[in-house]
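Numbering (the numbering used here), first residue to last: 4 to 260.
Just so it is clear, CB atoms sit at the ideal spot from N, CA and C, and this is done for glycine as well.
Each remark here refers to the structure printed beneath this line.
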């Protein structure tokens, strides 16, 4: 067996979840103290617990909510089903929130907590933007038909409000309510990175709707329709205030006219 073939074989069996293959003894020799099957089992266990450690570092608050034993049980099941396939080992957690959603015993708040932690990790590793758009550089004549291109570190999520309990200091206020004015269990969140620190904050309901449309490619005039709720002066003021804040927060990389 050539070296490259041997390396591929070892990588396959060392990361496998189905146990040592039948031909292992023909490829690797036993040591004086342990047979090759036991040596491989030690390496295999170390590999999977390394991935479990990565999951724990990304989903720190989810682990706390689940408890150590349950997180370990679920985490090992997860990495067996979704092995690492990316050079950046942190990417192993990309399917963890959907995996938790498949388990009927977990609350929506717990699943959304995992979604939030994953979004924060993606914001951390997102590349730096090529530029930051400035409000004073806008062409007023073309701005209504423009589309905003947002920085790669930004994401917009709608989550169960209970997912935010693990993050002290996030105030929801009364921005999210149903038709009768009662508080809802859902809240809009923006996740972003500023000055090398990942942050997230709750959004007012109208801002969330507008920002979600903007990140999906709606023009300025299209997403500003969200703010048209009755009083033209107040509606225009709200639209201006929110959109200006997006520029001030350095969320916008480019204005496509």
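Whose CA, out of 135, 99, 128 and 132, lies closest to the CA of residue 118? 99
Residue 191 classed as buried or exposed, judged by whether at least 16 other C-beta atoms fall within 10 angstroms: buried
With distances taken Cα to Cα, identify the nearest neighbour of residue 158 among 59, 50, 70 and 255. 255
Roughly how many whole angstroms lie between the Cα atoms of residue 188 and residue 217? 24 Å
Our contact map puts residue 260 next to residue 142 with C-beta atoms below 8 Å; I'd like the distance itself, whole angstroms only. 6 Å
Taking 7 Å as the threshold (C-beta atoms), are residue 194 and residue 212 in contact? no
Between residue 127 and residue 169, how many whole angstroms is the CB-CB distance? I'm expecting something under 8 Å. At roughly 17 Å, the Cβ-Cβ gap does not stay under 8 Å, so residue 127 and residue 169 are not in contact.
Residue span of the alpha helix (DSSP H) that contains residue 81, given as start and end: 71-84
Can you tell me whether DSSP reads residue 92 as helix, strand or coil? helix
Could you tell me whether the segment 62-78 touches the segment 95-112, where touching means 3 or more Cβ pairs closer than 8 Å? yes
Would residue 227 and residue 242 qualify as a contact pair, given that the criterion is a beta-carbon distance under 7 Å? A Cβ-Cβ contact shorter than 7 Å links residue 227 with residue 242.
Take the Cβ of residue 51 as the centre, count every other Cβ of all protein chains shown within 10 Å, and call the residue buried at 16 or more, exposed below. buried
Residue 37 and residue 152 closer than 7 Å at C-beta: no
When DSSP labels each residue in this structure, what does residue 34 get in the three-state scheme? coil
Contiguous alpha helix (DSSP H) assignments of at least 4 residues, all confined to the segment 216-241: The alpha helix (DSSP H) runs of length 4 or more contained entirely in the segment 216-241 are, from start to end of the chain, 223-227.
By how many angstroms is the C-alpha of residue 203 removed from the C-alpha of residue 110? Each residue's Cα considered, the two are about 22 Å apart.
Near residue 113, what residues of its chain come up, given a Cβ to Cβ distance below 6 Å and the 5 sequence neighbours on each side ignored? So the list reads 68, once near-sequence residues are dropped.
Cβ-Cβ separation, residue 136 to residue 250 (assumed contact under 8 Å), whole Å: Their Cβ separation, rounded to whole angstroms, is 6 Å, which keeps residue 250 and residue 136 in contact under 8 Å.
Per-residue DSSP class, three states only, for residue 195: strand
Extent of the continuous beta strand (DSSP E) to which residue 255 belongs: Segment 255-259, the beta strand (DSSP E) holding residue 255.
Residue burial classification, residue 206 (beta-carbon count within 10 angstroms, cutoff 16): buried
For residue 163, I'd like the list of residues in its chain whose CB is within less than 7 Å of its CB, leaving aside the five on either flank, ordered along the chain. 111, 112, 115, 188 and 189
Check the DSSP bridge columns for residue 202 and list the partner residues they point to. DSSP output for residue 202 lists 195 as bridge partner(s).
Starting from the C-beta of residue 184, find all residues in its chain whose C-beta is less than 7 Å away, skip the five residues before and the five after it, and write them out in chain order. Its pLDDT being 48, under 50, residue 184 is placed unreliably in this model, and the coordinates cannot settle the point.
Going by Cα to Cα distance, which pick from 248, 77 and 130 is closest to residue 104? 77
Are residue 95 and residue 55 closer than 7 Å when you measure CB to CB? no
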